[in-house]
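A.B. asks: Take the sequence shown: its letters are residues 17 to 259, numbered as in my numbering.
Backbone N, C-alpha and C fix where the C-beta goes; we use that ideal spot for every residue, glycine too.
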Amino acid sequence: MKLIEARDYEEMSQLAAGLIIGEINEFPTMTLGLATGATPVGTYRALIQDYQHNRTSYSRVTTFNLDEYVGLHPTHPNSYHYYMKEKLFDHIDIPSHRIHIPDGMADVLEQECQRYEGSIEESGGIDLQLLGIGSNGHIGFNEPGTPFDKATHVVELTPSTREANRRYFNGLSEVPTHAITMGIGTIMKSKKIILLASGLKKARIVHQLLFGEVDNNVPASILKEHSHVWVIADQEALRYAKS
Ligand code: F6R
Numbered sequence: 017m018k019l020i021e022a023r024d025y026e027e028m029s030q031l032a033a034g035l036i037i038g039e040i041n042e043f044p045t046m047t048l049g050l051a052t053g054a055t056p057v058g059t060y061r062a063l064i065q066d067y068q069h070n071r072t073s074y075s076r077v078t079t080f081n082l083d084e085y086v087g088l089h090p091t092h093p094n095s096y097h098y099y100m101k102e103k104l105f106d107h108i109d110i111p112s113h114r115i116h117i118p119d120g121m122a123d124v125l126e127q128e129c130q131r132y133e134g135s136i137e138e139s140g141g142i143d144l145q146l147l148g149i150g151s152n153g154h155i156g157f158n159e160p161g162t163p164f165d166k167a168t169h170v171v172e173l174t175p176s177t178r179e180a181n182r183r184y185f186n187g188l189s190e191v192p193t194h195a196i197t198m199g200i201g202t203i204m205k206s207k208k209i210i211l212l213a214s215g216l217k218k219a220r221i222v223h224q225l226l227f228g229e230v231d232n233n234v235p236a237s238i239l240k241e242h243s244h245v246w247v248i249a250d251q252e253a254l255r256y257a258k259s
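Pasting the structure below:
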């Protein structure tokens, strides 16, 4: 893992966007893995600004999102489909047929997981995957204890993850109980990975990620065994790592 230190959230976002834009310029037909949550919002904002000023084109880029809630329609404001349209896709020139997000409304969720994993394989795999990290070390919705070799699958969300995401809903009872997520096995097949971490609430897990052992109870720790990972973290997220 290569650590890139950023001053603050804004610099982290600019650095991540710069890496992504560099890859797109070099490989215009690349496959890009995307994340949702609070952390990548600034990165997406920087990608949109770059698109407006420099016209970096996404017309031949293919995207796969990490995850989607089960039971939320793509038009639901808390669905990750909606988030991606609002935060990125509506503002760049990516054709809709090149966008892939798991279908949390599928009748047979297991089939949807296999279909999604198959689409990733058909596209030649993910060239660059963007990740956030949960304060318990989850990546995607792969919670502590998830086997490292899993493909795309359905997960039951832990109480702590539902609690963390409740701020986006009208109360805990509205937060979905399940999600579809790329597995850690899927994520580890990505050729390159960028993991973003910002803010004090990520400081404990960033310390563990940088200095701890590979441990099934810390899903992100497996990234230590990947050959090409950039961790871009701001000073608050690095608070314990540097003391
Ligand atoms: C989102 C995702 C999650 C988030 C993580 C951190 O697609 O897969 O693993 O990256 O929960 O969320 P934030 O960025 O809101 O702290």
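#1: Can the beta-carbon of D248 be found closer than 8 angstroms to that of L212?
#2: Looking only at its chain, what residues have a beta carbon closer than 7 angstroms to the beta carbon of A62, apart from the 5 residues adjacent to it on each side?
#3: How would you label F227, buried or exposed, when you count the other beta carbons within 10 angstroms and need 16 or more for buried?
#4: Leaving out five residues before and five after S139 in sequence, what residues of the same chain have Cβ atoms less than 6 angstroms from its Cβ?
#5: Run through the DSSP bridge pairs and tell me what T78 is partnered with.
#6: Between the alpha carbons of K207 and D143, how many angstroms are there, rounded?
#7: Does the Cβ-Cβ distance between G87 and P160 come in under 8 angstroms?
#8: Around the Cβ of T45, are there at least 16 other Cβ atoms within 10 angstroms (buried) or fewer (exposed)?
#9: Starting from K208, trace the beta strand (DSSP E) both ways and give me its first and last residue.
#10: What residues match up with I196 in a beta bridge as DSSP calls it?
#11: What does the alpha-carbon distance come out to for the pair Q127 and T168?
#12: Three Cβ pairs or more, each shorter than 8 angstroms: is that satisfied between the segment 194 to 205 and the segment 127 to 137?
#13: Applying the criterion that 16 or more other CB atoms from any shown protein chain within 10 Å of the CB defines a buried residue, is P111 buried or exposed?
#14: For E21 and S243, I'd like the C-alpha separation in whole angstroms.
#15: Going along the chain, which residues of its own chain have a beta-carbon closer than 6 angstroms to the beta-carbon of L104, five neighbours each way excluded?
#16: Just verifying my parser: in three-state terms, what is the DSSP assignment at V57?
#17: Comparing C-alpha positions only, which one of V234, I221, K240, V230 sits nearest to L254?
#18: Just list the beta strand (DSSP E) runs in the segment 141 to 171, keeping only unbroken ones of 3 residues or longer that don't cross its boundaries, in chain order.
#19: So, L146 versus L50, is the Cβ gap smaller than 8 angstroms?
#20: Ligand 1 heavy atoms versus the CB of D165: any closer than 7 angstroms?
#21: Kindly indicate which residue of G38, E241, M17, F80 has the alpha-carbon position closest to the one of D165.
#22: Does the Cβ-Cβ distance between G156 and V234 come in under 8 angstroms?
#23: Give the range of the beta strand (DSSP E) segment to which I108 is assigned.
C.D. replies: On the basis of the data shown:
#1: Counted from its first residue, the sequence shown places residue 248 at position 232. Counted from its first residue, the sequence shown places residue 212 at position 196. What sits at residue 248 in the sequence shown is Ile, not Asp. Annotated as proximal: I248 and L212, with beta-carbon spacing under 8 angstroms.
#2: Your numbering for residue 62 matches position 46 in the sequence shown. If we look at A62 and ignore the five residues flanking it on each side, its Cβ neighbours are S29, Q30, A33.
#3: In the sequence shown, the residue the question calls residue 227 occupies position 211. Per the 10 Å Cβ criterion, exposed.
#4: Here the question's residue 139 lines up with position 123 in the sequence shown. Hits under 6 angstroms: T47, T78.
#5: As a working mapping, residue 78 is identified with position 62 in the sequence shown. Note: T78 sits in a beta bridge opposite T47.
#6: Counting from 1 along the sequence shown, the entry for residue 207 is found at position 191. Counting from 1 along the sequence shown, the entry for residue 143 is found at position 127. So the alpha carbons of these two residues sit roughly 5 angstroms apart.
#7: Start at 1 with the first residue of the sequence shown, and residue 87 comes out as number 71. Start at 1 with the first residue of the sequence shown, and residue 160 comes out as number 144. With respect to P160, G87 sits apart: the two C-beta atoms are not nearer than 8 angstroms.
#8: Taking the first residue of the sequence shown as position 1, residue 45 is located at position 29. Note on T45: under 16 other CB atoms within 10 angstroms of its CB, so exposed under the neighbour-count rule.
#9: Taking the sequence shown and counting its residues from 1, the one referred to as residue 208 is at position 192. For K208, the enclosing beta strand (DSSP E) covers residues 208 to 213.
#10: Working through the sequence shown from its first residue, we reach residue 196 at position 180. Residue pairing by DSSP places I196 opposite E84, V170 in a beta bridge.
#11: Residue 127 sits at position 111 when you count from the first residue of the sequence shown. Residue 168 sits at position 152 when you count from the first residue of the sequence shown. Between Q127 and T168, the C-alpha separation is close to 10 angstroms.
#12: A contact exists between the segment 194 to 205 and the segment 127 to 137.
#13: One-based indexing of the sequence shown puts residue 111 at position 95. Classification of P111: exposed, given that the 10 Å Cβ count is below 16.
#14: One-based indexing of the sequence shown puts residue 21 at position 5. One-based indexing of the sequence shown puts residue 243 at position 227. Linking E21 to S243 through their CA atoms gives a straight-line distance of about 19 angstroms.
#15: Within the sequence shown, numbered from 1, the residue matching residue 104 stands at position 88. Hits under 6 angstroms: Y60.
#16: Here residue 57 corresponds to residue number 41 of the sequence shown, with the count starting at 1. Helix, per DSSP.
#17: Mapped onto the sequence shown, residue 254 falls at position 238. Of the listed residues, the one whose Cα sits closest to L254 is I221.
#18: Uninterrupted beta strand (DSSP E) stretches at least 3 residues long and entirely within the segment 141 to 171 occur at 144 to 147, given in chain order.
#19: Along the sequence shown, one-based indexing puts residue 146 at 130. Along the sequence shown, one-based indexing puts residue 50 at 34. Yes, they are a contact pair.
#20: For the purposes of this step, residue 165 is taken as the residue at position 149 of the sequence shown. Answer for D165: no, Cβ out of range of ligand 1.
#21: Here the question's residue 165 lines up with position 149 in the sequence shown. Of G38, E241, M17, F80, the smallest CA-CA separation from D165 is found for E241.
#22: To locate residue 156, count along the sequence shown from 1; it is residue 140. To locate residue 234, count along the sequence shown from 1; it is residue 218. Remark: C-beta atoms of G156 and V234 do not approach each other more closely than 8 angstroms.
#23: The residue labelled residue 108 in the question sits at position 92 within the sequence shown. Neither: I108 is in no beta strand (DSSP E) and is coded neither H nor E.
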